[in-house]
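So the structure is just underneath, and the comments pick up after that.
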Amino acid sequence: MSICAIDIDMWPVTNTQPRAPVRFNHLPLGFLSPVILLDSKAQQTELEWISYPPNGWEEISGLDENYTPIRTYQVCQVMEPNQNNWLRTNWIEKGDAQRIFVELKFTLRDCNSLPGVVGTCKETFNLYYQETDSEVGRSLRENQYVKIDTIAADESFTQGDLGERKMKLNTEVRIIGPLSRRGFYLAFQDVGACIALVSVKVYYKKCWSIIENLATFPDTVTGSEFSSLVEVEGMCVSDAEEEADNSPKMHCSAEGEWLVPIGKCICKAGFHQKGDACEPCGRGFYKSSSQDLQCSRCPAHSFNDREGSWRCDCEDGYYRALSDPPSVACTRPPSAPQNLVYNINQTTVSLEWSPPADTGGRNDVSYRVICRRCSWEPEECVPCGPNVGYSPAQSGLVDTYVTIMDLLAHANYTFEVEAVNGVSDLSRTQRLFAAVSIATGQAAPSQVSEVIKEKVQQRSIQLSWQEPHQPNGVITEYEIKYYEKDQKDRIYSTVRSKSTSATVNNLKPSTAYVFQIRAFTEAGYGTYGPRLEITTKEEATAAIVSSEQNPVIIIAVVAVAGTIILVFMVFGFIIGRRYALAVKFPGTKTYIDPETYEDPNRAVHQFAKELDASCIKIERVIGAGEFGEVCSGRLKLPGKRDVSVAIKTLKVGYTEKQRREFLCEASIMGQFDHPNVVHLEGVVTRGKPVMIVIEYMENGSLDAFLRKHDGQFTVIQLVGMLRGIAAGMRYLSDMGYVHRDLAARNILVNSNLVCKVSDFGLSRVIDDDPEAVYTTTGGKIPVRWTAPEAIQYRKFTSASDVWSYGIVMWEVMSYGERPYWDMSNQDVIKAIEEGYRLPAPMDCPPGLHQLMLDCWQKDRAERPKFDQIVGILDKMIRNPNTLKTPVGTCTRPISPLLDQSTPDFTAFRSVGEWLEAIKMERYRDNFTAAGYSSLESVARMSIEDVMSLGITLVGHQKKIMSSIQTMRAQMLHLHGTGVQV
Numbered sequence: 001m002s003i004c005a006i007d008i009d010m011w012p013v014t015n016t017q018p019r020a021p022v023r024f025n026h027l028p029l030g031f032l033s034p035v036i037l038l039d040s041k042a043q044q045t046e047l048e049w050i051s052y053p054p055n056g057w058e059e060i061s062g063l064d065e066n067y068t069p070i071r072t073y074q075v076c077q078v079m080e081p082n083q084n085n086w087l088r089t090n091w092i093e094k095g096d097a098q099r100i101f102v103e104l105k106f107t108l109r110d111c112n113s114l115p116g117v118v119g120t121c122k123e124t125f126n127l128y129y130q131e132t133d134s135e136v137g138r139s140l141r142e143n144q145y146v147k148i149d150t151i152a153a154d155e156s157f158t159q160g161d162l163g164e165r166k167m168k169l170n171t172e173v174r175i176i177g178p179l180s181r182r183g184f185y186l187a188f189q190d191v192g193a194c195i196a197l198v199s200v201k202v203y204y205k206k207c208w209s210i211i212e213n214l215a216t217f218p219d220t221v222t223g224s225e226f227s228s229l230v231e232v233e234g235m236c237v238s239d240a241e242e243e244a245d246n247s248p249k250m251h252c253s254a255e256g257e258w259l260v261p262i263g264k265c266i267c268k269a270g271f272h273q274k275g276d277a278c279e280p281c282g283r284g285f286y287k288s289s290s291q292d293l294q295c296s297r298c299p300a301h302s303f304n305d306r307e308g309s310w311r312c313d314c315e316d317g318y319y320r321a322l323s324d325p326p327s328v329a330c331t332r333p334p335s336a337p338q339n340l341v342y343n344i345n346q347t348t349v350s351l352e353w354s355p356p357a358d359t360g361g362r363n364d365v366s367y368r369v370i371c372r373r374c375s376w377e378p379e380e381c382v383p384c385g386p387n388v389g390y391s392p393a394q395s396g397l398v399d400t401y402v403t404i405m406d407l408l409a410h411a412n413y414t415f416e417v418e419a420v421n422g423v424s425d426l427s428r429t430q431r432l433f434a435a436v437s438i439a440t441g442q443a444a445p446s447q448v449s450e451v452i453k454e455k456v457q458q459r460s461i462q463l464s465w466q467e468p469h470q471p472n473g474v475i476t477e478y479e480i481k482y483y484e485k486d487q488k489d490r491i492y493s494t495v496r497s498k499s500t501s502a503t504v505n506n507l508k509p510s511t512a513y514v515f516q517i518r519a520f521t522e523a524g525y526g527t528y529g530p531r532l533e534i535t536t537k538e539e540a541t542a543a544i545v546s547s548e549q550n551p552v553i554i555i556a557v558v559a560v561a562g563t564i565i566l567v568f569m570v571f572g573f574i575i576g577r578r579y580a581l582a583v584k585f586p587g588t589k590t591y592i593d594p595e596t597y598e599d600p601n602r603a604v605h606q607f608a609k610e611l612d613a614s615c616i617k618i619e620r621v622i623g624a625g626e627f628g629e630v631c632s633g634r635l636k637l638p639g640k641r642d643v644s645v646a647i648k649t650l651k652v653g654y655t656e657k658q659r660r661e662f663l664c665e666a667s668i669m670g671q672f673d674h675p676n677v678v679h680l681e682g683v684v685t686r687g688k689p690v691m692i693v694i695e696y697m698e699n700g701s702l703d704a705f706l707r708k709h710d711g712q713f714t715v716i717q718l719v720g721m722l723r724g725i726a727a728g729m730r731y732l733s734d735m736g737y738v739h740r741d742l743a744a745r746n747i748l749v750n751s752n753l754v755c756k757v758s759d760f761g762l763s764r765v766i767d768d769d770p771e772a773v774y775t776t777t778g779g780k781i782p783v784r785w786t787a788p789e790a791i792q793y794r795k796f797t798s799a800s801d802v803w804s805y806g807i808v809m810w811e812v813m814s815y816g817e818r819p820y821w822d823m824s825n826q827d828v829i830k831a832i833e834e835g836y837r838l839p840a841p842m843d844c845p846p847g848l849h850q851l852m853l854d855c856w857q858k859d860r861a862e863r864p865k866f867d868q869i870v871g872i873l874d875k876m877i878r879n880p881n882t883l884k885t886p887v888g889t890c891t892r893p894i895s896p897l898l899d900q901s902t903p904d905f906t907a908f909r910s911v912g913e914w915l916e917a918i919k920m921e922r923y924r925d926n927f928t929a930a931g932y933s934s935l936e937s938v939a940r941m942s943i944e945d946v947m948s949l950g951i952t953l954v955g956h957q958k959k960i961m962s963s964i965q966t967m968r969a970q971m972l973h974l975h976g977t978g979v980q981v
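Each residue of the sequence shown is one higher than the one before, starting from 1 at the first, in the UniProt record's numbering.
Dropping the structure here:
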């Protein structure tokens, strides 16, 4: 009979978490284009797949939902029992892929609509695969295939549907991998269903080549794991280079999406970015550095006549100093100074001038003076030499004046004043300067340089000196100038002497004085000589008075110090009392639901600090979240040291609804401040990407951390972790807040093993009424962690969080084992409703398991409060003896509500079959060598027996013992064999 659909309705499917090593998912094809390895609908000719036995699967022609002719396979051997019909595809070469998606579209008939087939009709079929490096021929051996999954239909059709020519089309997607060989076969096993394979599509995902931030990222096949991220180094496009210490990288996600780029390339000097390429700067333009964004027009008095220039050349007569950047206009030397005038006083000349009319276009104009002494013959001039003095200097003058001293008397001098700037030394043109010729008169005496202190008293100092080396006439007197060294206004006093000695009186004791001396002739005074510093002696009476005053000073200092200490003590006492009062009577803080705000953005900015994106440096991608990627990096706020942070980003192309939902978590987290609740650093909403920045928790999620360190912690350490989680939940509960998604995966662990509550995506507030709850419809509920009333009525309270906390306790004590193991969600709901509760994990203290059971009371009013839970855990920590238990005493209890989805151990025919079912077949020889040949003997084993077989991995010991305990319970409950538990 033909069961192909004529008019097919498409139904959406639901994503579930894949599990290694063979992965399967209900995943719809995304908007990204996959690489198709096999598409049966695209083939118009016969598929010619292998069918065994020949009367099983049958290849026929049919029509798809768009009435397009297709080739399909169908089977409907429902009238005969024990069907085993196999269908195998042709060999599929996988290329570079490690993770393969298999999309099946099929129709299936309801067994209830087929009369007389009770016990023989099935509504499922099995999907298998076999890896090979080449084709293996047309033979089909069942034992060479690995099972992927049992495929069931969401929608089945009846005879009435067939009459209407309208049936429901089922779509299922499964994932296999990681694959290591060149190719594989797919096989379909029918065990008695009435089914038609409408299409089989096999594909893998890859991130297609793109150019991002001027870096080319090649086609990249996705990783082998569901959550794996493949890091890809980018290659800069032509004429671009990597930004310093920031090489371009991107990560290819498992879904074939490129995640947020880290680092970038920038166009080299002489090139600018245009789209995804670097183009050369045009003629008349330049770009001096790769850090510049755009090309710039050549500055004034410069040019270039080629493309791709990093600087412009100066026009003739114009120059650029070595310190000038390429962006500065070319300039030239200044013109000569103007209006040069002089004033002569015997052998001292003062020059003044006006600035040049043309500064050459620069602001660094200074002046230099060239002095030449000339003979009476023309053009016979020589430099003045080092004996001539200049005030303030000979070159580098900023002001337009200078004084030239110590010239020879009755001599001819020529002075040239030249204006210079930063390019004067580069110019090859003739120098421009102003000049003046002067004849000096009688010279004043030179400096008095050799001064000796003859006698120093308390109030007087006696000095002597030598006559100047060049008196230039008869010295008639000397002038002694002096002043107190520390005197701010420098008030001078003078004393005159006819000889080469003098005594200066009326000085202060213990005071430093500065002395200078100059000589006088008919030509006038010479210049003052060098400064000489002398300190007068201390008066004896002053020392006595000072010593007598010392006790008074000491007493005064002690009194002042005592007063200050007393003031600080009183101030500290007041502050301490205030602090004590603040600690004793903290203010009550109530959580505010961001959804109560008409404008959600207002809630974000009220509760979360807006950060400048420039303060955040993304270093690497560490995972993928619901709305985008999760990165680690550094946050450096002004005036504070940088800290490690985790950064959640909102991926490009988001809708406004997604943006609100993304930032809602920040609006929630921003209201919390507790050492066991993850701290929000702030948000970035005014830039792209939109970011939520939180403290960085080095050890990641608690469940993965425990699985990684299975069996490595003491019971006290585990209870300490549980105490921290309970303290965080007590704080949230006191604020009137319900988490709704409390699980070990949503607890983060830092480097000090401090556990903090995180992930507030499902959280909601409750009203002040203790009986009020948040009610919603639809949406995802984590069934294994959720209280029965929350599952059934969508009612969440702090009491339902307590139930979830009990599950977290079980996860911690079992080192991250999956609650309820492989039971389906429906079986979990049914078992809990009938009274089943999780057994104590191995080596679990009875007191802890009893606390779990208290958290799982069906009546939520009977469950403990978080405040009580914290108190109970504190008592256990203070009294470690309550946490001691003999190894292996906490076994799985016998219960009639055993997991119906777990294997029926009594149906296994051998120990080998049992080990294969629990995926522990590697230990088959260990059991055989020790003499365990029957399941009854295995059921009597203890943990010591398991360890004696050489099974050293703690995780494997626990898995085997858990299976043995379940086996015991099934034997006792179902068969009453009398096996000792």
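The beta carbon of each residue, even a glycine, is placed where N, CA and C say it ideally should be. These numbers were taken from a predicted model, which means no experiment stands behind them.
Reducing DSSP to helix, strand and coil, say where residue i ends up.
i	result
Phe796	strand
residue 1005	No statement about residue 1005 is possible, as the shown extent of the chain runs from 1 to 981 and does not include it.
Ala215	strand
Met842	coil
Ser963	helix
His26	Low confidence applies to His26: its pLDDT is 34, below 50, so where it sits in the model is not reliable, and the reading given next is rough at best. Coil, per DSSP.
Val417	strand
Lys651	coil
Starting from residue i and walking both ways along the beta strand (DSSP E), at which residues does that stretch end?
i	result
Arg660	Where Arg660 is concerned, there is no enclosing beta strand (DSSP E), although the alpha helix (DSSP H) it sits in stretches over Glu656 to Met669.
Met735	Looking at the DSSP string, Met735 is not in any beta strand (DSSP E), and its letter there is neither H nor E.
Lys249	Lys249 to Cys252
Compute the beta-carbon to beta-carbon distance between residue i and residue j, rounded to the nearest angstrom, for a pair I have assumed lies under 8 Å.
i	j	result
His301	Ala329	6 Å
Gly526	Arg518	5 Å
Leu127	Asp149	6 Å
Ile491	Tyr482	The Cβ separation is near 10 Å, so there is no contact.
Cys295	Phe285	4 Å
Asn747	Arg784	Note that residue 747 is Ile in the sequence shown here, rather than Asn. That pair is no contact at about 15 Å.
Leu722	Val812	6 Å
Gln457	Lys537	6 Å
Thr347	Leu408	7 Å
Cys615	Leu637	6 Å
Glu477	Lys498	6 Å
Assuming residue i is part of the alpha helix (DSSP H), what are its boundary residues?
i	result
Trp914	Val911 to Ala917
residue 1034	Nothing about residue 1034 can be read from this structure; the chain reaches only from 1 to 981.
What's the C-alpha gap between residue i and residue j?
i	j	result
Glu103	Thr171	7 Å
Val75	Pro69	19 Å
Cys207	Ala840	46 Å
Ser933	Gly912	9 Å
Arg402	Glu352	Checking the sequence shown, residue 402 turns out to be Val, not Arg. Rounded to the nearest angstrom, the two C-alpha atoms are 7 Å apart.
Ser113	Leu197	20 Å
Thr45	Ala193	26 Å
Ile544	Ser510	The predicted position of Ile544 is uncertain, since its pLDDT is 38 and thus under 50; a value taken from the coordinates is nonetheless stated next. Distance between the alpha carbons of Ile544 and Ser510: 14 Å.
Is any heavy atom in the ligand GTP found nearer than 7 Å to the beta carbon of residue i?
i	result
Ile176	This structure lacks the ligand GTP, and indeed carries no ligand of any kind.
- prompt: Is the segment 110 to 129 touching the segment 78 to 94, taking contact as three or more C-beta pairs under 8 Å?
  reply: Yes: at least three Cβ pairs fall under 8 Å.
query: Does the count of Cβ pairs from the segment 195 to 212 and the segment 591 to 601 closer than 8 Å reach three?
result: Contact fails: fewer than three Cβ-Cβ distances are below 8 Å.
query: Does the segment 381 to 392 come close enough to the segment 317 to 325 to have 3 or more Cβ pairs within less than 8 Å?
result: Three or more beta-carbon pairs separated by less than 8 Å are not found between the segment 381 to 392 and the segment 317 to 325, which leaves the two stretches without contact.
- request: Assess, as a yes-or-no matter, whether the segment 428 to 447 is touched by the segment 336 to 350 under the definition of 3 or more beta carbon pairs within less than 8 Å.
  value: Contact holds: three or more Cβ-Cβ distances are below 8 Å.
query: Between the segment 137 to 144 and the segment 237 to 247, are three or more C-beta pairs nearer than 8 Å?
result: They do not touch, by the three-pair rule.
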